[in-house]
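Going by this note's numbering, the sequence shown opens with residue 90, and the numbers climb by one from there. Note that CB positions come from ideal geometry on N, CA and C, so glycine has one too.
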Amino acid sequence: MLDPFIPCACFSGETFGACCGPYLLAAQPPPTAESLMRSRFSAFQLHQADYILQSWDLTTRPKQLGFEKDERRWSSLEIVKTIGGSASDERGVVEFKARYELGEETYLFHEVSRFTRSRGQWVYLDATFPFHGKIAHLGQPLKNAPCPCGSDKKYKKCCGR
């Protein structure tokens, strides 16, 4: 069982028990598209494949997930924008950026996720990926990677000058 007093894996600053824990433990459904996205992010970190699959729309859900070889260490999550997705909406979009380390390299994962309601509960539908790639090696930003300051410019045209 997961400790409800540890920091939540979605980097919200809340404890697991006050944030994503109740959703992953099936105590209650996420009330918004953003809360579902955060709980799915936590589930990916914690390798909770059942939760991820159960919160995925039946029309786009894969048969299984392959966590056996996943060695990513997630280090941050930033919600860029949310459109719709409130407790009274039927559809929602959540754009986010997440960083992870794999070996000695740092990667940025930028996703725009679409959510819909199915039988009264939020489910993940699909996503587009504006950027997913390596941004640093041994802690040093790569020149053509997005600048770590968040300006949306390349590092070499921003802080890397």
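Boundaries of the alpha helix (DSSP H) in which residue i is found, first to last residue
i, result
"residue 234", "First-last for residue 234: undefined, no H or E at that position."
"residue 141", "138-143"
"residue 113", "110-113"
"residue 122", "122-134"
Assumed close pair residue i, residue j - CB separation to whole angstroms, cut-off 8 Å
i, j, result
"residue 269", "residue 197", "Beyond the ends of the chain as shown, which are 90 and 250, falls residue 269; an answer cannot be given."
"residue 230", "residue 209", "Not quite, the Cβ-Cβ distance comes to about 44 Å (not below 8 Å), so this is no contact."
"residue 159", "residue 213", "Incorrect: roughly 18 Å between the Cβ atoms, too far for contact."
Start and end residues, beta strand (DSSP E) containing residue i
i, result
"residue 219", "210-226"
"residue 187", "180-191"
Given residue i as reference, the closest of the options once Cα atoms are compared
i, options, result
"residue 211", "173, 177, 125, 100", "125"
"residue 132", "102, 163, 146", "163"
"residue 221", "242, 189, 119, 112", "189"
"residue 217", "144, 182, 108, 207", "182"
"residue 115", "170, 123, 128", "128"
"residue 118", "143, 152, 100, 96", "143"
"residue 174", "215, 203, 91", "203"
"residue 122", "153, 184, 195", "184"
"residue 99", "166, 179, 226, 243", "166"
"residue 134", "150, 154, 149, 170", "154"
"residue 157", "151, 169, 138, 246", "138"
"residue 179", "205, 194, 149", "205"
"residue 236", "247, 227, 226", "247"
Bridge-paired residues (DSSP) for residue i
i, result
"residue 253", "Look at the range of the chain in this structure, 90 to 250, and you will see that residue 253 is not part of it."
"residue 162", "190"
"residue 173", "181"
"residue 198", "187, 221"
"residue 243", "235"
"residue 229", "226"
"residue 167", "186"
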